[in-house]
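Chains as they are written, first to last, in this note's numbering: chain A, 50 to 321; chain B, 105 to 375. Beta carbons are placed, not taken as given, at the ideal position from N, Cα and C, and that holds for glycine. It should be emphasised that the depicted structure is a prediction, and the values quoted were computed from it without experimental measurement. Data block below; observations after.
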């Protein structure tokens, strides 16, 4: 008798339980929904296979251009584009950080009164809701072509990013330190300077460097709508079907992104 | 740091003399380079255009308002295209990102010396190039249309998803891998039973997060001809129909808000 019950309580077959979506009905509904969507979505994609076939030759030329890039023919254009991109990146990051610090402090619930908090939060939402390209289109229409419009675009986008993360960092501060400084009779400015600033400084440096990295990548894009920088050069190169120059520009962009990324992680370690 | 001041009273200072000097030097260089950059950047800026920007802004603003609400009937189909570009592009990215992530993670890669650097290079190349640039290239290569947009979004997503996924794989609990391996499981079975269940929540979170970003990016891919709302945007911009542009902005904003909400809810449920 005991042997029999033993074999009954331990099944010999095991079926893995689902990790997510434990309800079988939901699993089925979601699977069927996904399948129906896929069929509908793929039907909307009209592919002109003849055009794709013709394009393969161009694609191959692009791969060749990437493998054997041509840095020299358009070097002057590339050089000016790069200088515009790099100067735009630095100035917009510095301006963005300078403007973000007061807005970030204003958007921190533990430091700012309610009306200031709401005003700063709405600035952040406004800046974050549109992406760089759309802002660039508007600013180019207002300020004319060139890197100045790009500078304004990147500054505007940096403000939303940096202020939001800075405000979150300030809200996560260690409260006992703020209380301790306040207990010495410190004014609001002194609390910010001696209790908050030392706690958020390493993070602020890290975020600024990260934003600089993003700003460089974006500076390579907003040139497509006329806001200056290496993107404009790249757009021209592709329009002229000069894939070897385009390959050279892409390689330069990748290299600079790599350098910025590695040096910023190095500098961040130094500050923490 | 305690310093003796002139009247022999100990005075507290934040930094030592050397630290202060270094700090001043750092700030000096930062300011100097920024000023020089500003000068170089604005060499060709026409300040007359900049100074009349407020008038331009008022002019454009008055043309934008009220938005052309009726224009929305032309926007449903591009909106559907935009969502398809983002979703199918994300799927394409996921399909390629999974193997790349396993090849890049130190604990699953077949060779840290040969395979891992290649996988990391794929990730870096995909991540450093914006999807709009990928679209620019692909429109030139395979022609304008949805396919170029989907491939562009896919190529850009590979690096993002693979990077976050391989970091998740590197953070898994190795004891579970060991336990499954001890039962005599093959390599595939170890991945299936020990690694996949541990990274699955992170995987869904990352994918939905990227999908949300891709919705944003696919709204403007049409600017270079890769399908979706951007094509209408480009057409309205080149005819200076600012009230249609305003309508498109409203649609883009609405789509982005909804996709962000969906992605936040899904990530909340999964993580």
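Proximity below 8 Å, CB of residue 254 (chain B) to CB of residue 356 (chain B):
no
When DSSP labels each residue in this structure, what does residue 114 (chain B) get in the three-state scheme?
strand
Between residue 264 (chain B) and residue 223 (chain B), what straight-line distance do the alpha-carbon atoms span, to the nearest angstrom?
13 Å
Could you tell me the distance, in whole angstroms, from the CA atom of residue 182 (chain B) to the CA atom of residue 150 (chain A)?
39 Å
What are the residues in the region 240-251 of chain B lying within 8 Å of chain A by C-beta distance?
240, 241, 244, 245, 246, 247, 249, 250 and 251
In the DSSP assignment, find the unbroken alpha helix (DSSP H) run with residue 176 (chain A) in it and report its ends.
163-178
Can you pull out the residues from the region 140-174 of chain B whose beta carbon lies closer than 7 Å to at least one beta carbon of chain A?
141, 142, 144, 145, 146, 148, 149, 150, 153, 154, 157, 160, 161 and 164
With burial defined as no fewer than 16 other Cβ atoms inside 10 Å of the residue's Cβ, what is the status of residue 64 (chain A): buried or exposed?
exposed
Tell me whether the region 324-337 of chain B and the region 298-306 of chain B touch, counting them as touching only if at least three CB pairs, one residue from each stretch, are closer than 8 Å.
no
Is any beta-carbon of chain A found at less than 8 Å from that of residue 229 (chain B)?
yes
Anticipated Cβ contact below 8 Å, residue 140 (chain A) with residue 145 (chain B), distance rounded:
6 Å
Taking only beta carbons into account, state which residues of the region 91-105 of chain A come closer than 9 Å to chain B, listed in chain order.
91, 93, 94, 95, 96, 97, 100, 101, 103, 104 and 105
Run of the alpha helix (DSSP H) containing residue 64 (chain A), from where it starts to where it stops:
Careful: residue 64 (chain A) lies outside any alpha helix (DSSP H) and carries neither H nor E.
Which listed residue (B:166, B:177 and B:313) has its alpha carbon closest to that of residue 373 (chain B):
B:313
Following a CB-centred definition, is residue 368 (chain B) positioned closer than 7 Å to any heavy atom of the ligand MG?
The ligand MG is absent from the structure shown, which contains no ligand whatsoever.
Where does residue 118 (chain A) sit, in a helix, a strand or coil, going by DSSP?
coil
When you check each C-beta in the region 146-172 of chain A against every C-beta of chain B, which residues fall closer than 8 Å?
none
Drop a sphere of 10 angstroms on the beta-carbon of residue 315 (chain B), count the other beta-carbons inside from all chains shown, and report buried for 16 or more, exposed for fewer.
buried
Nearest candidate by alpha-carbon position, reference residue 302 (chain A), set B:230, B:130, B:169 and B:191:
B:230
Proximity of residue 152 (chain A) and residue 173 (chain A) at Cβ, strictly below 8 Å
yes
Find the residues of chain B that neighbour residue 133 (chain A), judging by a C-beta separation of less than 7 Å, and give them in chain order.
145
Alpha carbon to alpha carbon, how far is residue 168 (chain B) from residue 191 (chain A)? Give it in angstroms, no decimals.
13 Å
Considering only the alpha carbon of each residue, which of A:315, A:316 and A:286 lies closest to residue 122 (chain A)?
A:286
Buried or exposed: residue 267 (chain B), going by 16 or more other Cβ atoms within 10 Å of its Cβ?
buried
Mapping the DSSP letters down to three states, classify residue 109 (chain B) as helix, strand or coil.
Model confidence at residue 109 (chain B) stands at a pLDDT of 49, short of 50, so the residue's coordinates are unreliable; what they give is reported in the following sentence. Here residue 109 (chain B) sits in coil by DSSP.
Nearest to residue 188 (chain A) by alpha carbon, out of A:276, A:81, A:268 and A:165?
A:276
At the level of alpha carbons, what is the spacing between residue 143 (chain A) and residue 126 (chain B)?
20 Å
Use the C-beta contact count for residue 179 (chain A): other C-beta atoms within 10 angstroms, 16 or more gives buried, fewer gives exposed.
buried
Are the region 233-244 of chain A and the region 289-304 of chain A touching, with three or more C-beta to C-beta distances below 8 Å?
no
Beta-carbon neighbours of residue 137 (chain B), restricted to chain A and to distances below 7 Å:
139
Check whether the region 82-96 of chain A and the region 240-253 of chain B are in contact - that is, three or more C-beta pairs closer than 8 Å.
yes
Output the distance between the C-alpha atoms of residue 103 (chain A) and residue 120 (chain A), rounded to the nearest integer angstrom.
27 Å
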